Structures are given as C-alpha cells and as structure tokens.
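Heads up: the sequence shown runs through residues 13 to 459, numbered per the numbering used here. Ideal Cβ placement from N, Cα and C applies to all residues, glycine included. Note that the structure is predicted; figures quoted are calculated from it, not measured.
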Amino acid sequence: MSGHGPAIPMTARKSGPLQGVAEVPGDKSISHRALILGALSVGETRITGLLEGQDVLDTAAAMRAFGAEVTQHGPGEWSVHGVGVGGFAEPDRVIDCGNSGTGVRLIMGAMATTDLTATFTGDASLVKRPMGRVTDPLALFGAQAVGREGGRLPMTVVGAADPVPVRYRVPMPSAQVKSAVLLAGLNAPGQTVVIEGEPTRDHTERMLRGFGAELTVEDTEEGRVITLTGQPELTGQDVAVPRDPSSAAFPVCAALMVQESNILVPGVSQNPTRNGIFLTLQDMGADLVMENLREEGGEPVADLRVRFGPLKGIDVPPERAASMIDEYPILAALAATAEGVTVMTGIKELRVKESDRIDAMARGLEACGVRVEETEDSLTVHGMAAVPGGATVASHLDHRIAMAFLCLGMVSAKPITVDDASPVATSFPVFEPLMTGLGAQITRANS
C-alpha cells in the first residue's frame with residue numbers, strides 16, 4: 013500500500029475469533045527521531061526495529077538530502093553516519109515528506125538554526141495542514157519561512173545564520189512543536205527552554221540525553237520546563253525501537269470487539285506519555301493484561317494479552333488526551349460496540365491531524381448507523397448491541413481513519429468499505445496481512 017499511489021479500496025466483513033501473535037511495527041515517533049538525531053550526531057548510529065512505513069522512509073530520504081549517509085542493512089536494521097550538529101548541507105531538491113506531519117515539523121526544526129535554505133512539500137493531505145505552529149517559534153531563533161496562505165506547504169525555510177536561544181511556552185499540547193523547538197535549540201548557543209502546560213510524549217527528551225545532549229526536565233508551577241544546552245557534540249548510538257503503541261491499538265481494539273478473540277501483542281512501548289489508550293481500555297472493562305514488563309532501548313515495554321469481553325462506555329479524562337491523541341479514531345470505533353455512552357473531550361487537536369478526525373469519525377460512524385454528537389473539542393459515541401455497517405466510508409487520506417473503520421467492519425452486521433486504504437502504508441505497512449493472519453476478513457476491492 014502506498015500513500016502516494018492510486019486509491020486502494022478495502023472491505024472488512026464480520027470475522028471469527030482473532031487468534032495468535034500480532035507483531036506490530038516499530039514506533040513511528042521514535043523511528044523519525046532516531047534517523048534525525050543520528051544525522052545530527054558524529055559517528056555511526058545503528059537502529060534496529062525501525063518502522064519501514066512510508067512516513068519514516070521519507071524522513072530517511074530527507075536526512076540523505078541534508079548530507080547524512082543512511083543505509084538499510086536488513087528488515088528494520090539501518091545505520092546513519094551523521095554530519096554533526098550544524099553540519100547539514102543544503103539540499104539540492106525539494107524535501108517531500110509525503111503524509112508525515114511529524115517528519116516535516118521535526119526536520120524543519122533540525123535545520124532551522126543552520127545557514128541553509130530548504131523547501132518542503134507533501135501529499136494532498138499534508139499540504140492542507142498548518143505549519144505556523146512550528147514556523148512561529150522557529151522564527152524566534154532567526155529562521156524565516158515562506159509558504160502558501162495560512163502557513164501551509166509547499167514552504168521554503170531559510171535557516172538562521174546567527175541563531176539565538178529562545179524561551180518558548182508551547183500554546184497547545186504538541187510533541188511535534190516541542191520537539192521542533194528542541195531540535196532547533198541544538199545549534200543555538202546558550203540554553204533553549206521549552207515550557208509545556210501538559211506533558212506530551214517525551215521521546216525527544218529521552219533520546220537527546222541518550223545521544224549526549226545536556227537536557228533537564230523540571231515540573232514547576234509554570235508547567236513542565238525543559239532546558240537544553242545548545243551546541244553539544246552528539247555521538248552516534250545504538251537505538252532499539254520498541255513496537256508502536258498507536259499501531260498496537262488496532263489489533264488490540266479489534267480483539268476486544270470480535271467475540272472469543274485472544275491475541276498477544278509483544279514488545280509494545282508503555283511510555284507513560286503514550287499509553288493513555290491502554291489505561292482507557294482498562295477503564296472500560298477490557299480484559300487487557302500487561303505481561304513481562306521490561307525496558308528496551310531506554311523505553312518501558314510490555315507484552316499485551318488481549319481477550320474479548322463486554323465493555324462499557326466511559327467519560328475519557330480530558331487530561332489523558334495528550335497521551336493517546338492518535339488513538340481516538342480506533343477508540344471511537346470501539347465505543348460504538350460498548351454498552352452505554354463514551355464521551356471524549358479535550359480533543360480539538362484532532363481537527364488538524366491528517367484529516368479532521370473528529371468530523372471524519374462522526375460522519376463515518378453515522379453512515380454505519382451509529383449515533384454520535386460532536387463539538388469543536390469533543391466527540392460522543394452511543395454504543396449499540398450491533399453496529400449496522402453497510403457503508404462506504406471516506407478515509408480522507410488518513411491512515412488511522414482507514415484502519416479504524418476496517419476494524420469496525422469486523423463486527424458490523426454488514427461489511428464496511430473504506431474508499432482508500434492506501435495511506436495505511438505510512439504507519440502500518442503490514443496491517444492487512446497481520447490482521448488477516450489473526451483471522452480478520454479484509455479484502456481489496458479487486459480481489
């Protein structure tokens with residue numbers, strides 16, 4: 013499946029029990045950061061478990077364009093020979109980040125304090141997404157950005173020739189914005205400070221320290237204060253990428269929906285800034301057990317044992333949103349099968365993802381016969397004993413919307429078709445064979 017090629021319609025039908033081991037891909041967030049920090053380091057970074065979805069492959073290509081040597085040695089095994097902080101070369105072509113908001117925003121940050129110019133673009137979904145939330149703080153370092161109206165791609169960024177450190181309070185919970193500012197701070201003298209009111213995924217902080225940066229994190233009345241000392245010499249590292257909790261959420265939720273299912277999802281990251289979906293599922297009554305808790309590559313991981321069982325609707329705590337922002341589409345699909353009402357609030361960030369995910373889920377669920385209500389910042393789903401289904405749902409070039417409705421189709425009375433599942437390749441290229449291997453009935457339109 014390719015997020016850049018022709019549409020690939022897929023249909024999911026009522027499935028028998030899901031059984032077996034679901035080995036989901038490596039974590040997308042960590043994969044992006046491993047490539048970028050490897051490129052900004054001196055020496056060799058060796059990466060195992062790298063997600064080889066299109067989003068990450070686009071970031072690998074971008075790092076090559078900026079002068080790093082990036083090589084694949086085998087499935088999930090990559091090496092990066094970096095150019096050091098401030099060592100990026102000016103690319104001789106436009107940097108195409110495909111579908112990846114994470115990739116483009118982090119790369120912009122990484123190059124914004126080096127004296128060079130780069131132009132960025134993306135696919136039909138990415139060029140609609142706002143970049144001002146990143147380019148505004150990067151301007152404080154001295155970088156300049158010129159894009160389409162509304163701060164959208166294609167966009168040319170001119171890096172600061174004489175960058176200055178900044179103190180920046182992130183106006184909304186966003187690990188992408190925080191990370192872009194921290195990466196820009198690497199090549200600025202002195203200390204760059206980022207303050208976030210709500211903690212977001214902390215992979216950048218963990219990995220910066222792992223590569224040798226001087227970085228402190230302090231919880232204060234002002235919020236979470238992250239202080240980075242600029243112009244370090246980062247050193248290449250061995251990075252073991254844990255399995256992606258956002259990808260794991262799909263087989264986990266599917267198993268919770270499909271009767272008599274019993275699956276194991278091994279080695280999934282349990283980083284406390286990423287595991288909100290699993291806590292929420294347990295709050296709903298899910299038979300979800302975390303086994304073999306351990307640490308790999310500086311990240312806590314666990315094997316997830318998942319069994320079908322009755323679920324109840326809940327009010328999802330809004331303060332949990334930052335730790336599960338990418339999992340609301342599959343949670344909304346699952347909520348349609350739970351007893352009672354599930355209320356998700358504090359989720360306006362979903363409006364500026366690969367699609368307007370609140371609207372996409374609401375319209376798709378309605379088409380499948382599910383009652384929903386939405387506000388700018390919330391989505392409410394009324395569970396039902398049997399989801400009618402029978403609809404063709406628009407994915408809006410959004411991988412998570414496509415996978416959410418394919419999972420729902422496994423339990424609906426009539427099949428659910430997704431108009432284009434090609435974007436699934438951006439984050440979960442083995443979704444189709446993995447799910448069918450567990451017992452899911454998913455077919456392509458031409459099969």
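Reducing DSSP to helix, strand and coil, say where residue i ends up.
i	result
V106	coil
F443	helix
M396	coil
S14	Reliability fails at S14, whose pLDDT of 36 lies under 50, so the model's placement of it is uncertain and the value that follows must be treated cautiously. DSSP places S14 in coil when its eight states are reduced to three.
L377	helix
D246	The question names Asp, but residue 246 is Leu in the sequence shown. Residue state, collapsed to three classes: coil.
M75	helix
A437	helix
L227	strand
T349	coil
P263	helix
T125	coil
Looking only at DSSP bridge pairs, what is residue i linked to?
i	result
H93	E56, E81
N274	Q31, R319
Q453	R25
M356	V328, L391
M130	Residue identity check: residue 130 is Ala in the sequence provided, not Met. Per DSSP, V169.
T216	DSSP, once it has assigned bridges, lists no residue as partnering T216.
A101	None; A101 has no bridge partner.
G86	E89
V38	For the record, residue 38 in the displayed sequence is Gly; it is not Val. G38 pairs with R255.
T448	Bridge partners of T448: none, in fact.
I469	As shown, the chain starts at 13 and ends at 459. That puts residue 469 outside it, with no answer to give.
M302	L316
S281	V313
L240	T204, L227
Measuring alpha carbon to alpha carbon, tell me which residue in the options is nearest residue i.
i	options	result
A252	S43, M22, S27, S258	S43
P183	Q453, G171, D431, V206	V206
A333	V97, R213, L62, S273	R213
D295	D67, D70, P166, A350	A350
G28	V430, S273, M415	S273
I48	T429, L194, S137, A136	L194
D231	F223, Q243, P211	P211
M373	A397, P330, C419, D256	C419
L391	E378, D148, D135	E378
G202	R221, T239, R181	T239
K324	A414, L268, A403, T429	L268
V116	R145, G96, S91, G98	R145
G515	M120, F417, G55, D431	Here the chain covers residues 13 to 459 and nothing more, so residue 515 does not appear.
A24	V393, C380, L69	C380
Q66	T438, G449, P244	T438
D204	G242, V92, F417	The sequence as given places Thr at residue 204; Asp does not occur at that position. Ranking the options by Cα distance to T204, first place goes to G242.
Suppose contacts are defined by Cβ-Cβ distances below 8 Å. Is residue i in contact with residue j by that definition?
i	j	result
G451	G421	no
A124	I107	no
A260	V405	no
G32	E64	no
L118	A196	no
T126	G171	yes
I59	A46	yes
T354	I326	yes
G38	G61	yes
A136	P175	no
S112	L138	yes
I359	I342	no
Checking contacts by CB at 8 Å: is residue i closer than that to chain B?
i	result
S390	No chain B is part of this structure, which consists of one protein chain only.
Start-end ranges of the beta strand (DSSP E) lying completely within the segment 149-181, minimum 3 residues = 156-160, 164-170
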